[in-house]
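Asks: Under the numbering used here, residues 212 to 405 are what the sequence shown spells out, in order.
Encoded as structure tokens, here's the structure I'll be asking about.
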Amino acid sequence: DGKALNVGSAADAVASGIFLVPEDRKLTGILLDLSIALNISLPNLPAHAKRSLVSTSAELATAEKQKKDLGIKAPSVLTRTGTLSGGNQQKVVLAKWLAMNPKVMILDEPTRGIDIGAKAEIYALMRALADAGVAVLMISSDMEEVIGVSDRIAVMHEGQISGILDRDDFSQENVLLLAVGKKPKLAQAAGGVQ
């Protein structure tokens, strides 16, 4: 929103609308033994409470909306999350943050371990978020994914951003050049424009 932000903790990030979909969804993204509904409502219990008591009907309503919006394939929102496919588990991780109206979504390896159909759905969701004005930061080691999905690519070398590529400059070669600390071959330079 045009102002500097000091994020000192995960709670600060969440309060600012910055959410993380972690690489290891089973370890740090969801609670496998809880239902879909509880996983979705857990990060935002005050929004589902009246007079400090959590409303089960409010939790179920939020979960039903997210299940429908994200196409989570499960018999019910009361289904144990650990019984879902990898792609549907990933959708539950996304659903809990989407229910909180994110400003920034950080997705770390968002399609690792999910099938091709679920990948397409995750990509469509990321595009819809970006189109709606949410800043989407995807971290991925899959070169094809990075080039195919991104609007811009920031490449790291030795812990620092070594360069940022715009869509006209996307290529495996340019990404690899930046990854080893070299300069990329830019379209503007090749066209004679300075």
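Cβ atoms here follow ideal geometry from the backbone N, Cα and C, with glycine treated the same way.
Applying the criterion that 16 or more other CB atoms from any shown protein chain within 10 Å of the CB defines a buried residue, is L216 buried or exposed?
Replies: For the purposes of this step, residue 216 is identified with residue 5 of the sequence shown, where counting begins at 1. Exposed, since its Cβ has fewer than 16 Cβ neighbours within 10 Å.
Asks: At 4 residues or longer, and completely inside the stretch 284-313: list those alpha helix (DSSP H) runs for me, N to C.
Replies: Runs found: 297-309.
Asks: Which partner residues does V232 have in the DSSP bridge list?
Replies: The residue you call residue 232 lines up with position 21 of the sequence shown. Paired residue(s): L318.
Asks: Quick one: is Q405 buried, meaning 16 or more other Cβ sit within 10 Å of its Cβ, or exposed?
Replies: Residue 405 sits at position 194 when you count from the first residue of the sequence shown. For Q405, the predicted structure reports a pLDDT of 39, less than 50, and the residue's modelled location is therefore unreliable. A value from the coordinates is still provided. Exposed: under 16 other Cβ atoms inside 10 Å.
Asks: Pick out whichever of A339, V225, I350 and A329 has its Cα sitting closest to the Cα of I317.
Replies: Here residue 317 refers to the residue found at position 106 when the sequence shown is read from its first residue. Taking only the C-alpha atoms, the option nearest I317 is I350.
Asks: For V345 versus M337, is the C-beta distance shorter than 7 Å?
Replies: Counting from one through the sequence shown, the residue named residue 345 turns up at place 134. Counting from one through the sequence shown, the residue named residue 337 turns up at place 126. No, Cβ-Cβ distance for V345 and M337 is not below 7 Å.
Asks: In chain order, what residues of the same chain lie with their CB nearer than 6 Å to the CB of V304, ignoring the 5 residues before and after it?
Replies: By one-based count along the sequence shown, residue 304 stands at place 93. The residues are V232, R236, G240 and I241.
Asks: Tell me the DSSP secondary structure of A272 in three-state form.
Replies: Counted from its first residue, the sequence shown places residue 272 at position 61. It is helical.
Asks: Of the choices G213, K307 and A331, whose alpha-carbon is the least far from that of S252?
Replies: Looking up residue 252 in the sequence shown gives position 41. It is K307 whose Cα lies nearest to the Cα of S252.
Asks: Consult DSSP for V347 and reduce its assignment to one of helix, strand or coil.
Replies: Residue mapping note: residue 347 aligns to position 136 of the sequence shown, counting from 1. Residue state, collapsed to three classes: strand.
Asks: In the DSSP assignment, what are the bridge partners of A365?
Replies: Looking up residue 365 in the sequence shown gives position 154. Answer is I375, bridged to A365.
Asks: Nearest to I325 by alpha carbon, out of A339, K284 and Q300?
Replies: By 1-based counting over the sequence shown, the position of residue 325 is 114. Considering only alpha carbons, the answer is Q300.
Asks: Can you give me the C-alpha to C-alpha distance between A222 and I229, rounded to a whole angstrom?
Replies: Within the sequence shown, numbered from 1, the residue matching residue 222 stands at position 11. Within the sequence shown, numbered from 1, the residue matching residue 229 stands at position 18. Their backbone Cα atoms lie some 10 Å apart in a straight line.
Asks: Answer with buried or exposed for E270, where buried requires no fewer than 16 other C-beta atoms within 10 angstroms of its C-beta.
Replies: Indexing the sequence shown from 1 puts residue 270 at position 59. Buried, because 16 or more other Cβ atoms sit within 10 Å of the Cβ of E270.
Asks: Considering only DSSP beta bridges, list what L264 is partnered with.
Replies: Residue 264 sits at position 53 when you count from the first residue of the sequence shown. The partner list for L264 (beta bridge, DSSP) reads K261.
Asks: So is Q277 buried or exposed if we call it buried at 16+ other beta carbons inside 10 Å?
Replies: Start at 1 with the first residue of the sequence shown, and residue 277 comes out as number 66. By the 10 Å Cβ count, Q277 comes out buried.
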